[in-house]
Structures are given as C-alpha cells and as structure tokens.
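Each remark here refers to the structure printed beneath this line.
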Amino acid sequence: MTEAVPRAASFPTARERIFDPPDELGRLREEAPLHRMTYADGHEGWLVTGYAAVRAILADPRFSSRAELLHSPIPQRAARPEDMSVPPGFFIRTDPPEHTRYRRLLTGQFTVRRMKLLEPRIQEITDACLDEMEREGAPADLVASFALPIPSLVICELLGVPYEDREKFQRDSSILLNMESSLDQVRAAMAHLLTYLHSLVMTKMDHPGDDLLSGLIEGGELDDQELSGIAMLLLIAGHETTANMLGLGTFALLSNPEQLAAMRDKPEVVDNAVEELLRYLTIVHVGPTRAALEDVEIEGHLIRKGEAVTLSLPAANRDGERFEGGDTLDIHRTAHGHMSFGHGVHQCLGQQLARTEMRIASPSLLRRFPGLRLAVPADRVPLRSTMAIYGVRRLPVTW
5 MTEAVPRAAS
15 FPTARERIFD
25 PPDELGRLRE
35 EAPLHRMTYA
45 DGHEGWLVTG
55 YAAVRAILAD
65 PRFSSRAELL
75 HSPIPQRAAR
85 PEDMSVPPGF
95 FIRTDPPEHT
105 RYRRLLTGQF
115 TVRRMKLLEP
125 RIQEITDACL
135 DEMEREGAPA
145 DLVASFALPI
155 PSLVICELLG
165 VPYEDREKFQ
175 RDSSILLNME
185 SSLDQVRAAM
195 AHLLTYLHSL
205 VMTKMDHPGD
215 DLLSGLIEGG
225 ELDDQELSGI
235 AMLLLIAGHE
245 TTANMLGLGT
255 FALLSNPEQL
265 AAMRDKPEVV
275 DNAVEELLRY
285 LTIVHVGPTR
295 AALEDVEIEG
305 HLIRKGEAVT
315 LSLPAANRDG
325 ERFEGGDTLD
335 IHRTAHGHMS
345 FGHGVHQCLG
355 QQLARTEMRI
365 ASPSLLRRFP
375 GLRLAVPADR
385 VPLRSTMAIY
395 GVRRLPVTW
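If you read the sequence shown in our numbering, its first letter stands for residue 5, the second for the next number, and so on.
Spelled out as structure tokens, the structure:
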C-alpha cells in the first residue's frame with residue numbers, strides 16, 4: 005500500500021481556456037491518478053483524475069450512487085448527506101437491485117434500433133429549425149435557434165411532455181444545474197418541476213397517449229411518484245446534455261476550420277467526429293461522485309468504507325495514457341472508450357439518442373450554412389462556467 009498520499013486543495017472548476025478542463029486537473033492527473041480532497045462540508049474523501057482509476061471505480065459495485073451517502077465538492081451544495089434526498093424514480097441516485105428494476109423498464113426505449121426509427125423525425129425537426137434560421141436571417145443565436153430546440157423537441161415528444169411548457173422546465177433545470185444555486189433554490193426548483201410533472205402523469209393516467217410515460221403507466225409497475233421522478237430525470241438529461249454538446253461542439257468546430265470542413269463534407273468521418281467531440285469537450289463539469297460501501301484498494305490507495313470519491317470525467321478523457329495527444333481535437337481519432345457517458349451500470353441511458361441527434365444535427369447545420377462563422381470574437385461568447393453541464397449560454401453566428 006502506498007504510504008505517501010497526494011492531496012488536492014479542493015475540486016478545481018476555473019477554466020483557463022474555452023474548450024479545456026481546468027489546468028489544475030491535468031496537473032493533478034500527471035502527479036497521480038488519485039488525490040485526497042476535503043469536501044465542502046469538511047468530509048475527507050478523494051478526487052480521481054486518471055482514466056484507468058475512473059473506469060475501475062465506475063465499474064465497481066462496491067461504490068454507491070445513493071444520495072444519502074454522498075458529499076458535494078461544491079460549497080453551495082454542502083449539506084449533511086442524510087439531508088440529500090431525491091424523489092422516487094430518480095434512478096441515477098440508486099444502487100442495484102432498485103436501480104436494475106428501473107433500468108429494465110426503460111432500456112428498451114433507448115436501444116440503437118429504437119433510435120434508428122427516430123432518425124426521420126429528428127431530421128425533420130432539425131430541418132425545421134434550419135428553415136427558421138434561414139428565414140430569420142443572420143446573425144442568429146445558435147443555442148436558441150438550433151442547439152436547444154432540437155433535443156428539447158425530441159425528448160418532449162418521446163416522453164409526452166408538451167413542448168409549449170418548455171420555459172417552465174428549462175428554468176427549473178437551469179437552477180438545478182447551476183453550481184451557484186443555493187440548496188434552498190435547488191430544493192424549490194426540484195419541488196416545482198416535480199409538481200408540474202406529477203400533474204402531467206396524473207393527466208396521462210386518465211388520458212394516455214403514444215409516448216414513453218403513457219407506456220410506463222400502462223405497464224403498471226410504477227406508482228405516480230416514481231413516474232414523476234423518472235420523468236424529471238429523463239427530461240433534464242434529455243435536453244440539457246445534447247443541447248450543450250451541439251452548441252459547444254459547433255463552437256469547437258468553428259475554431260478548427262479544417263475539421264469543420266471534414267465534418268461537413270465527408271459523411272464517413274461523422275461517427276468518429278461525434279465520439280471525438282464527446283471526448284474532447286466532456287461537458288459533465290463536476291462529478292460523478294460515489295461512496296465506498298467497504299474498504300477498496302484503487303491504484304495502490306486504500307479508499308475506506310464511507311469515503312466519497314469524485315471522478316473528473318474531463319480529466320480522464322484527456323489522459324495521455326489512454327488518448328495520445330488528448331488535449332487536441334482530432335475528429336479522425338478513434339475515441340471509443342471515452343468516459344463522457346460514464347461506465348458500468350450507471351452508463352448514460354440516453355447515450356444512443358444523444359449520438360443520433362448529434363450525427364444528424366451537426367452535419368445538417370454545416371451543410372445548410374457552409375459559410376457559418378462566429379458573429380463575435382471567440383472571447384466574447386458567454387460560457388456556462390457555473391453550470392454542472394458545461395457549454396455556451398449563447399453562440400452568435402452569421403453566414
């Protein structure tokens with residue numbers, strides 16, 4: 005067992021460059037894959053930055069995702085773990101067998117085959133957004149006109165959530181994901197969103213439709229509280245993550261014209277390009293966090309029962325031992341195996357949907373507007389630096 009244990013002062017969040025994780029994360033990773041870290045509430049746990057260590061922990065059932073066992077590295081979210089409750093059905097904060105039960109009910113909705121069937125509708129939604137951009141003319145905010153509405157419309161149709169209610173759930177989602185939101189603000193936003201979704205679930209119980217929520221209701225295995233929690237998780241994840249990948253991904257391509265041209269003109273590179281953008285940008289800004297259920301040795305360090313570990317996915321995805329030249333965007337790279345969707349039993353349920361949306365939307369945008377370019381200097385693009393899901397708040401473009 006290693007005697008000397010390196011230490012990180014706290015979880016680094018300040019980015020020095022637009023597309024790169026904080027320099028401190030890279031420095032820490034080069035020093036050692038694991039560091040002791042003091043959490044916002046004083047808990048002594050771990051920060052994990054090495055690819056192999058992150059992958060090992062995510063795959064290990066001896067690490068728990070249960071909210072009441074976790075500690076937050078973010079000061080605004082510091083609270084006693086026992087006070088951090090989540091609604092029934094919010095399955096990313098559960099362990100097997102409870103987690104297994106929820107995943108079993110949902111996995112069939114997000115298979116590669118099901119996503120293939122959605123492709124024509126995703127293309128139709130994408131084309132409609134591009135048509136509207138063209139009618140409105142340049143300049144445009146690519147987030148408001150393209151990156152946000154496409155995944156929002158898709159997940160709303162999939163779940164059966166009225167798209168006209170988007171201002172309600174997008175406002176609450178923003179509060180929940182803002183690392184500067186207080187605990188009281190987070191709890192209020194969660195309660196507001198759950199109330200809205202519970203009302204929608206109750207309506208669907210009386211008037212079912214052809215959508216995922218109605219199908220879960222018909223299955224009869226979930227109560228109304230579980231259905232509301234599942235709906236909240238899928239709604240937030242289904243539009244926030246892909247929206248930020250489309251916005252930030254376009255920004256990254258605009259900053260790399262040769263790779264943008266390849267994405268636009270060479271269909272054979274699109275799949276690789278999507279995986280590389282996912283790896284290079286890794287928009288999950290903080291976490292995930294796990295808690296050891298027993299003593300576990302990782303990379304020569306003993307993580308004791310009850311200790312929290314926070315995994316830096318951006319740092320892991322830039323690890324040169326796994327991705328040579330990982331700090332460079334290269335859409336010709338084979339980036340499979342990246343950690344952007346996590347790993348293990350909690351690997352992102354909607355990853356195939358996100359991939360499908362990116363494969364369709366990004367090339368369609370670049371082909372429609374071959375002269376697409378920033379309408380402001382790059383350093384004037386407002387970033388989501390305080391959000392748990394990183395990206396751009398607005399992306400002014402012209403063509």
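We treat Cβ as the ideally placed atom computed from N, Cα and C, and that holds for glycine.
I'd like the span of the beta strand (DSSP E) that includes residue i, first residue to last.
i: residue 38; result: 38-42
i: residue 225; result: Where residue 225 is concerned, there is no enclosing beta strand (DSSP E), given that its DSSP letter is neither H nor E.
i: residue 53; result: Counting along the chain, residue 53 falls outside any beta strand (DSSP E), and DSSP gives it neither H nor E.
i: residue 74; result: It is not in any beta strand (DSSP E) - residue 74 carries neither H nor E in the DSSP assignment.
Quick one, which of the options has its alpha-carbon nearest residue i's?
i: residue 183; options: 277, 208, 77, 69; result: 77
i: residue 282; options: 308, 121, 394; result: 394
i: residue 296; options: 327, 49, 21, 27; result: 49
i: residue 346; options: 252, 233, 63, 178; result: 63
i: residue 272; options: 311, 367, 254; result: 367
i: residue 72; options: 90, 342, 59, 369; result: 90
i: residue 364; options: 126, 18, 59; result: 126
i: residue 17; options: 195, 191, 96, 389; result: 389
i: residue 56; options: 396, 399, 327; result: 327
i: residue 432; options: 40, 382, 111; result: Any answer about residue 432 is impossible in this case: the structure gives the chain only from 5 up to 403.
i: residue 75; options: 312, 350, 103; result: 312
i: residue 2; options: 161, 325, 176, 96; result: This structure does not reach residue 2, given that the chain is present from 5 up to 403, and the question cannot be answered.
i: residue 159; options: 243, 152, 111; result: 243
i: residue 196; options: 232, 370, 286, 348; result: 232
i: residue 109; options: 188, 27, 219; result: 219
Could you tell me the distance, in whole angstroms, from the CA atom of residue i to the CA atom of residue j?
i: residue 238; j: residue 115; result: 15 Å
i: residue 221; j: residue 355; result: 24 Å
i: residue 119; j: residue 359; result: 9 Å
i: residue 99; j: residue 261; result: 44 Å
i: residue 288; j: residue 149; result: 23 Å
i: residue 387; j: residue 223; result: 42 Å
i: residue 79; j: residue 44; result: 5 Å
i: residue 186; j: residue 240; result: 19 Å
i: residue 3; j: residue 136; result: With the chain covering 5 to 403 only, the question about residue 3 has no answer from this structure.
i: residue 54; j: residue 24; result: 16 Å
i: residue 258; j: residue 337; result: 18 Å
i: residue 228; j: residue 94; result: 13 Å
i: residue 335; j: residue 318; result: 17 Å
i: residue 124; j: residue 246; result: 18 Å
i: residue 344; j: residue 294; result: 16 Å
i: residue 298; j: residue 306; result: 10 Å
i: residue 32; j: residue 60; result: 18 Å
i: residue 39; j: residue 329; result: 23 Å
So residue i and residue j are in contact, right, with Cβ under 8 Å, and what is the actual spacing, rounded?
i: residue 201; j: residue 236; result: 6 Å
i: residue 180; j: residue 193; result: 5 Å
i: residue 316; j: residue 147; result: So it is not a contact: roughly 25 Å between Cβ atoms.
i: residue 303; j: residue 10; result: Incorrect: roughly 11 Å between the Cβ atoms, too far for contact.
i: residue 66; j: residue 290; result: No, residue 66 and residue 290 are not in contact; Cβ-Cβ is about 22 Å, not under 8 Å.
Quick one: using the 10 Å Cβ neighbour count with 16 as the cut-off for buried, is residue i buried or exposed?
i: residue 384; result: exposed
i: residue 308; result: exposed
i: residue 322; result: buried
i: residue 277; result: buried
i: residue 350; result: buried
Return the first residue and the last residue of the alpha helix (DSSP H) that residue i is part of.
i: residue 180; result: 170-181
i: residue 400; result: Residue 400 -> not in any alpha helix (DSSP H); beta strand (DSSP E) instead, spanning 400-402.
i: residue 190; result: 187-210
i: residue 254; result: 228-258
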